[in-house]
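In our numbering, the protein residues as written are 60 to 692. The beta-carbon is built from N, C-alpha and C at its ideal position, and this holds for glycine as well. This one's a predicted model, so the numbers in the text were calculated from it and none came from an experiment.
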């Protein structure tokens, strides 16, 4: 409703979020040309929400009228109970930023206590108040989580934006439990306010998305017990807008930006907004944004999460838009990875998988022949042991990450699921983790660390790559996405396929993941979105993405179009040709909806087995059986 249509009334709205309260007075006047409408707000806030015993914190009130800060307003401040500390003053006057601030010094106490700070001011002839609650911790207790709060407003007039999705993304996960989410989110309320709680303290960035607005982000450092304040002014987008989210980084991101620029040149009528999201947690971010109605028009997914997202009803089926000539552009396997229960939900852009990357110089220094394509796990252990010495590791691969375990699972005769993606899971026998083959594969992978000691303990993905780039690891497991960094470090490297498992005679097979672009089901520009994904997944653009343009190297990503596998330029690329060899020894990455439930239980199982003392096959299988119930259940 337009403000000029409102009657002359005073409306009091109380908003209570967590421990904070705000009283809002709307002073509205009738026709235009008279006194403008006033919306007075006194918002209570505090530097700390959990204050260590004997600590100090600023407590303050933000006083605004229609979102604009008010200068020179006297604000009274009280604490209840008043016996737990002292205020530096009983009142303060707002500065040019609209903030009136006093300091509170907490007394030492043995028990926790909650202290409420109330701020009041006379505005428009009425008392307007707000409050904030702080938990004062007892002696010896320390806060463990952080919070982020703030405002989301329209840049043009600073009016609040309702239902914007705000997401705090952690920049590192070091030291956190395995299943800790990589992002935390909430939506802004009708006053544009948001608060996000229970976040691990560390470096992060906070991002705000809202349909029809250009997203914004800010880097922050989260401190345990403290509120981090971030306010956003969002720019409203005009014209026909297509919002694209992708999960590329490094060289892939650079090449994708070039690809999008080529598309923009063909569509000057379309405002294409491209936003990068961290690969870890991107599907969850899409779900959160789609639930709030703020999802991008186009999103890049890997097929292992595609089924889960499609089953929630958030993706547009593409079959009616695909004619035979378009379908025939892609390989049967790549398109099958984009098909969920008979329906195509994305077009395949790239595919990738793990292989073993080795440092030629370290092999030569040790007098060790390079790995043969038909080598075995016995060869791997022998070579890795020979290449391990003080300050150098023979073979490094993550020990508690399911993606890096799956090759060994396949090599021991196991599988993630025992039924095809087209068949439903009826009972726990359809999930393939609680088998002797699975247990033996885990114990073999862990033996490389705990028995043969050819790597540093329980390596993660980033530390593994760091050791290789510094010349301290002879062999690692990684994919084409890291080749540009390896070449940038001027490592003389080679690529070997996973070995044949000596115990079974079967090849260890990494899963072949297919990444494609899907369309949000509620997008208002579906035709433009489909035009975009057809362009970026076309054979010509896939080839440029893989090989580069004008002498600038590409990404070395494996294409998904049929003709690539007979294309002389593609086959002549030494990186792509070696990964294509590995792809001939690979397993399909399941696309079924249940795959999204696999990662957490698998991580837990691998972690529990790794931490066990001399686990047997029976011990490992018991742990796998327990965690498998999380997937089936």
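Classification of residue i by the beta-carbon crowding that lies within 10 angstroms, buried from 16 upward
i: residue 526; result: buried
i: residue 516; result: exposed
i: residue 536; result: buried
i: residue 342; result: buried
i: residue 340; result: buried
i: residue 75; result: The predicted model places residue 75 with a pLDDT of 29, which falls under 50 and marks its position as unreliable; any figure quoted below should be read in that light. The residue in question, residue 75, is exposed, as its Cβ has fewer than 16 Cβ neighbours within 10 Å.
i: residue 270; result: buried
i: residue 582; result: buried
i: residue 508; result: buried
i: residue 205; result: buried
i: residue 394; result: buried
i: residue 250; result: buried
i: residue 169; result: exposed
i: residue 686; result: buried
i: residue 423; result: exposed
i: residue 627; result: exposed
i: residue 287; result: buried
i: residue 398; result: buried
i: residue 344; result: buried
i: residue 551; result: exposed
i: residue 369; result: buried
Contact check, residue i vs residue j, beta carbons under 8 Å
i: residue 280; j: residue 308; result: no
i: residue 502; j: residue 623; result: no
i: residue 572; j: residue 648; result: yes
i: residue 229; j: residue 498; result: no
i: residue 222; j: residue 241; result: no
i: residue 112; j: residue 133; result: no
i: residue 214; j: residue 293; result: yes
i: residue 320; j: residue 584; result: no
i: residue 162; j: residue 147; result: yes
i: residue 227; j: residue 255; result: yes
i: residue 601; j: residue 620; result: yes
i: residue 650; j: residue 396; result: yes
i: residue 253; j: residue 225; result: yes
i: residue 462; j: residue 534; result: no
i: residue 538; j: residue 413; result: yes
i: residue 332; j: residue 289; result: no
i: residue 457; j: residue 523; result: yes
i: residue 406; j: residue 604; result: no
i: residue 611; j: residue 554; result: no
i: residue 531; j: residue 360; result: no
Neighbourhood of residue i by C-beta distance below 7 Å, restricted to the same chain and skipping five residues each side
i: residue 444; result: 453, 511 and 513
i: residue 580; result: 372, 373, 374 and 375
i: residue 274; result: 266, 267, 268 and 334
i: residue 469; result: 567, 568 and 646
i: residue 402; result: 376 and 378
i: residue 495; result: 676 and 680
i: residue 218; result: 126 and 212
Residue i, enclosing beta strand (DSSP E) - first and last residue
i: residue 571; result: 570-578
i: residue 115; result: 115-124
i: residue 245; result: 242-246
i: residue 144; result: 144-146
i: residue 304; result: 299-305
i: residue 150; result: 150-152
Enclosing alpha helix (DSSP H) for residue i [first to last residue]
i: residue 317; result: 309-325
i: residue 346; result: 341-350
i: residue 252; result: No alpha helix (DSSP H) holds residue 252; the beta strand (DSSP E) holding it covers 252-258.
i: residue 460; result: Neither: residue 460 is in no alpha helix (DSSP H) and is coded neither H nor E.
i: residue 545; result: 542-547
i: residue 509; result: 495-509
i: residue 366; result: 362-370
6 Å CB neighbourhood of residue i in its chain, flanking five on each side removed
i: residue 174; result: 138, 143, 193 and 195
i: residue 105; result: 116, 118, 191 and 193
i: residue 439; result: 558
i: residue 158; result: 119 and 121
i: residue 474; result: 491
i: residue 434; result: 558
i: residue 659; result: 238
Residues near residue i by beta carbon distance below 8 Å, same chain, minus five either side
i: residue 140; result: 172 and 174
i: residue 587; result: 299, 301, 326, 329 and 356
The ligand GTP heavy atom lying under 7 Å from the CB of residue i
i: residue 474; result: In the structure shown, the ligand GTP is absent, as is every other ligand, since no ligand is present at all.
Q. Along the chain, which unbroken stretches of the alpha helix (DSSP H) at least 4 residues long are found entirely within the segment 180-238?
A. none
Q) Fully enclosed by the segment 373-433, which beta strand (DSSP E) runs are 3 residues long or longer? A) 405-411 and 414-418
Q: Let me know the beta strand (DSSP E) ranges lying completely inside the segment 553-631, each 3 residues or longer, listed in chain order.
A: 570-578
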